[in-house]
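All remarks here apply to the structure that follows.
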Amino acid sequence: MLCRRWGARALVVLSSGLVLSLGSASPGTAQDEQVLDPITVLGTKTEEKAIDTLAPVSTVREEQMQQIMPTRTSDIFFGVPGVSFQQRADEPGTSINIRGLQDFGRVNVLIDGARQNFQRSGHNANGAFYLDPELLGAVDVVRGPVANIFGSGAIGGVVSFRTKDVDDILKPGERWGGVVHGMVGSNTSQWLTSAIAAARVGQNVDVLVGGTYRDNSAYRAGTEGTQPIGALTGPGQEVFNSGSEVETGMAKVTVRPADGHSVRITGLTYNSDYNTGQPGATLFDTNAQQHLVTGGWRYSRPDDKLFDFDGNVYWTRTVNDQTKTCCTNNASTGPLGSKRSFAVDTTGFDLNNTSRFDIGIIRNAITYGVDAFFDEVTVADPTGTGDLFTPNGNRSVAGGFVQWKAEFGTLAEVIGGVRYDSYRLEGGGVTSEGDRISPKITVGIKPLPGITVYGTYAEGYRAPAVTETLITGLHPVTFADFFFLPNPGLRPEVGKTLEAGVNVKFDNAFIAGDRLRAKVNVFQNDVTDYIDLVPLNTGQVGGGGVVCTYVGVFPFNPDCFQYQNIAQARIEGVEFEGMYDAGRWFLGLSASRIDGRDVTAGGPLLTVPPAQFTATVGARFLDRKLELALRWASVAAKRDVPAGALPTDSYDLVHLYAGYKINPDTVAALSVENLFDKYYFSYLDAQTARIPARGLTVKGSLRIRFSDKTING
Numbered sequence: 000m001l002c003r004r005w006g007a008r009a010l011v012v013l014s015s016g017l018v019l020s021l022g023s024a025s026p027g028t029a030q031d032e033q034v035l036d037p038i039t040v041l042g043t044k045t046e047e048k049a050i051d052t053l054a055p056v057s058t059v060r061e062e063q064m065q066q067i068m069p070t071r072t073s074d075i076f077f078g079v080p081g082v083s084f085q086q087r088a089d090e091p092g093t094s095i096n097i098r099g100l101q102d103f104g105r106v107n108v109l110i111d112g113a114r115q116n117f118q119r120s121g122h123n124a125n126g127a128f129y130l131d132p133e134l135l136g137a138v139d140v141v142r143g144p145v146a147n148i149f150g151s152g153a154i155g156g157v158v159s160f161r162t163k164d165v166d167d168i169l170k171p172g173e174r175w176g177g178v179v180h181g182m183v184g185s186n187t188s189q190w191l192t193s194a195i196a197a198a199r200v201g202q203n204v205d206v207l208v209g210g211t212y213r214d215n216s217a218y219r220a221g222t223e224g225t226q227p228i229g230a231l232t233g234p235g236q237e238v239f240n241s242g243s244e245v246e247t248g249m250a251k252v253t254v255r256p257a258d259g260h261s262v263r264i265t266g267l268t269y270n271s272d273y274n275t276g277q278p279g280a281t282l283f284d285t286n287a288q289q290h291l292v293t294g295g296w297r298y299s300r301p302d303d304k305l306f307d308f309d310g311n312v313y314w315t316r317t318v319n320d321q322t323k324t325c326c327t328n329n330a331s332t333g334p335l336g337s338k339r340s341f342a343v344d345t346t347g348f349d350l351n352n353t354s355r356f357d358i359g360i361i362r363n364a365i366t367y368g369v370d371a372f373f374d375e376v377t378v379a380d381p382t383g384t385g386d387l388f389t390p391n392g393n394r395s396v397a398g399g400f401v402q403w404k405a406e407f408g409t410l411a412e413v414i415g416g417v418r419y420d421s422y423r424l425e426g427g428g429v430t431s432e433g434d435r436i437s438p439k440i441t442v443g444i445k446p447l448p449g450i451t452v453y454g455t456y457a458e459g460y461r462a463p464a465v466t467e468t469l470i471t472g473l474h475p476v477t478f479a480d481f482f483f484l485p486n487p488g489l490r491p492e493v494g495k496t497l498e499a500g501v502n503v504k505f506d507n508a509f510i511a512g513d514r515l516r517a518k519v520n521v522f523q524n525d526v527t528d529y530i531d532l533v534p535l536n537t538g539q540v541g542g543g544g545v546v547c548t549y550v551g552v553f554p555f556n557p558d559c560f561q562y563q564n565i566a567q568a569r570i571e572g573v574e575f576e577g578m579y580d581a582g583r584w585f586l587g588l589s590a591s592r593i594d595g596r597d598v599t600a601g602g603p604l605l606t607v608p609p610a611q612f613t614a615t616v617g618a619r620f621l622d623r624k625l626e627l628a629l630r631w632a633s634v635a636a637k638r639d640v641p642a643g644a645l646p647t648d649s650y651d652l653v654h655l656y657a658g659y660k661i662n663p664d665t666v667a668a669l670s671v672e673n674l675f676d677k678y679y680f681s682y683l684d685a686q687t688a689r690i691p692a693r694g695l696t697v698k699g700s701l702r703i704r705f706s707d708k709t710i711n712g
């Protein structure tokens, strides 16, 4: 562990040395050059402006991230509708919820094209990834199964993270340079140092190397609020085990061997040390590691209409190593000092090509491809039962798709496609397999200049995870004793979504040079064979013919739980996001309201977040050198919850930001988060452990960019 820590720090120091020796936009970007709409491929695997995409697509670019000054990856999604998070204060991993769907791959998370499929059972989300936001250059989000061409399972949506490239560091004409960034924060202390160096070697080779070191001590909760029954920490108190130490490293090499060809190799590493567990529960000293390698080949030339190829192969390994440090010896978690390890290796590829042709005024693009991934779950817990709750096993998933996109001049657009998925799961003597064809159709029209109206029907298919199928064992809590039952008969989920949306795009709407962008959409997602934990009592027969034989200590509690297929779950809602930028000032608004229910039993779904509204308003002064912004988030109370779930109160948060460009390449910034020191609980976080969020926090940062041009003139 010591070698890993110093290795990561050495990479930061090395990058800093290289930097020093080398000498889209949204509300809040204060650049002198013309502001451009961000480009995305997440809707159709073809490049298009995000505002023009006939899908609920949102983008986050580096300028927005810098304004937010994030501590965790989840921070950068402020203002993205329909996206929430479930994460514990004592766990630096991130789990994404889109439209009330999360866990076990319902949201396809990609880092530089590599899937993130890690999962460890416990009082935490069933699916997490590890990533420092300091490494990011862009994030794209698409909500719903409309993006099923990006791989199997994404009935909730897709989140694609792109780490920084050479073009994020160097301006056109620069040969080498880099960025160093330092940030400090209060409550009680936060430290971040990062350095990224980049070079263009001739015309056809790009090289980038960098790293980060982040040290966050345990934070204090807000003071303004009342402690609810069952909360582990009161107002103003320090949140136990909420600190962590994170080191990351990144390296990229891009080679352009011929006209139109680009080959890229990327390596990322993440290492974090922290303690997990809350008072009264078992505590573990934990080390989380994530290693990722991707290799990509891109071919695209404007004069070649037949081939526009993009291929990517990847490997991701995520490991949690834990040592028990408290509190009692027991059969489930072992004696004090016992060790256990959870690892998931994911290997996969994604290959696709687009061919283009015109028929009269109709511009056609046919995109087709194949993809596959293989998960291997390896758990070692020689003195406990961790390998029962997160079983060993493997799963292979593969598929292919074809999509037709037709643009009828400037009046209409039609997108139709089909995807084929198949899977095979093995472990514990159980084999499960299946396949399906999922269609998609979208029709968009432009009734007025600047207005696009579209409707979509799309289906998605998610295979059961290894844990959902094979989990077994006694829950290790005396007052909540029950037995987990495996379900070899578990069936895949199928999401069927109806969606309607409106895109609004106007330039020079009210004054010369202003920009107005907005997206609003309504949706209904019917998930057939939705998989959820279901209680059973002694003698009842569960899925796959498995019988509950355990007799619990408490007669009013269920004796067993099993992942089962619910006949149907329905999730429906409305989302809005918009921005207006007048140059001197800007405004961004977003809102989402989602309802999800078990149609069969009639009750609410656990993972559907409360309604929320966000606003960002800001202004630019001193020839755009000074930027001021205020962000406000209003989250509704959540009372309609399943039996046993924890309701949460409403809350409002206000954040402030000030950034000053000392020169074109140096920015000093200050932020104040949770200005009024609210004591509050995020609904999804409260379902894993009732731990309050961070109170009033002040951060300061200095970001310096160097290059051969800035040093040599």
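Under numbering that gives the first Met the number 0, the first residue of the sequence shown carries the number 0, and numbering increases by one thereafter.
Glycine is no exception: its CB is placed at the ideal position from the N, C-alpha and C atoms.
All of these numbers come straight from a predicted model, not from anything done at the bench.
Distance between Thr-162 and Thr-43, taken at the CA atoms: about 21 Å.
Take the alpha-carbon of Glu-47 and the one of Leu-41: they are about 9 Å apart.
Assigned with DSSP and collapsed to three states, Ala-113 falls in strand.
Straight across, the Cα-Cα distance linking Phe-348 with Ala-113 is about 8 Å. Within a 10 Å sphere around the beta-carbon of Ser-649 sit fewer than 16 other beta-carbons, which makes this residue exposed. Judged by DSSP in its simplified three-state form, Gln-63 adopts helix.
Check the Cα spacing between Thr-247 and each of Arg-263, Leu-291, Thr-253 and Asn-524: the tightest is with Leu-291. Restricting attention to Gly-459, Pro-55, Val-183 and Tyr-453, the CA atom closest to the CA of Ser-591 is found in Pro-55.
Shown here, Leu-625 sits in a strand according to DSSP, grouped into three states.
Per DSSP, the unbroken beta strand (DSSP E) holding Leu-424 starts and ends at 411-426. The C-alpha of Leu-586 lies about 28 Å from the C-alpha of Gly-221. When the Cα atoms are used, Thr-317 and Val-396 turn out to be separated by approximately 19 Å. In this structure, the CA atom of Val-82 is about 42 Å from the CA atom of Ile-710. In its chain, beyond the 5 residues on either side, Gly-512 have a beta carbon closer than 6 Å to the beta carbon of Gly-582.
The beta carbon of Asn-391 sits closer than 7 Å to those of Val-376, Thr-377, Val-378 and Gly-426, all from its chain and outside the five residues before and after it, given in chain order. A check of alpha carbon separations from Asn-286 across Lys-323, Ala-194 and Pro-37 identifies Lys-323 as the nearest. Sixteen is the threshold: since fewer than 16 other Cβ atoms of the shown chains lie within 10 Å of the Cβ of Phe-306, the residue is exposed. Following the DSSP letters along the chain, one finds Thr-332 in no alpha helix (DSSP H), marked with neither H nor E. Shown here, Ala-636 sits in coil according to DSSP, grouped into three states, outside any helix or strand. By the Cβ neighbour-count rule, Ala-194 is buried, with 16 or more other Cβ atoms within 10 Å of its own.
Around the beta carbon of Lys-677, 16 or more other beta carbons lie within 10 angstroms, which makes this residue buried. A buried status is given to Gly-551, since no fewer than 16 other beta-carbon atoms sit within 10 Å of its beta-carbon. Straight-line spacing of the CA atoms in Arg-71 and Trp-190 works out to 13 Å. From the listed residues Pro-334, Ala-250 and Arg-297, the smallest Cα separation to Gly-259 is found for Arg-297.
In the three-state reduction of the DSSP assignment, Tyr-529 falls in the strand class, which pools E and B. As a beta-bridge residue in DSSP terms, Gly-433 pairs with Tyr-422. Residue pairing of Cys-325 in beta bridges, as defined by DSSP: Leu-282.
Within the DSSP secondary-structure output, Ala-405 pairs in a beta bridge with Asn-363 and Val-413. Secondary structure at Val-607: coil, using DSSP grouped into helix, strand and coil.
Here Tyr-682 carries a helix assignment [DSSP, helix/strand/coil].
Assignment of Ser-649 by DSSP, reduced to helix, strand and coil, places it in the coil class. Between the region 656-663 and the region 194-209 there are fewer than three C-beta pairs closer than 8 Å, too few to call the two in contact. Here Tyr-529 is near Glu-492, since their CB atoms are less than 9 Å apart.
Rounded to whole angstroms, Val-501 and Thr-665 show a C-alpha spacing of 39 Å. The Cβ neighbour count for Gln-63, taken over all protein chains shown within 10 Å, is at least 16; the residue is labelled buried.
DSSP links Lys-439 through a beta bridge to Gly-416 and Ala-457.
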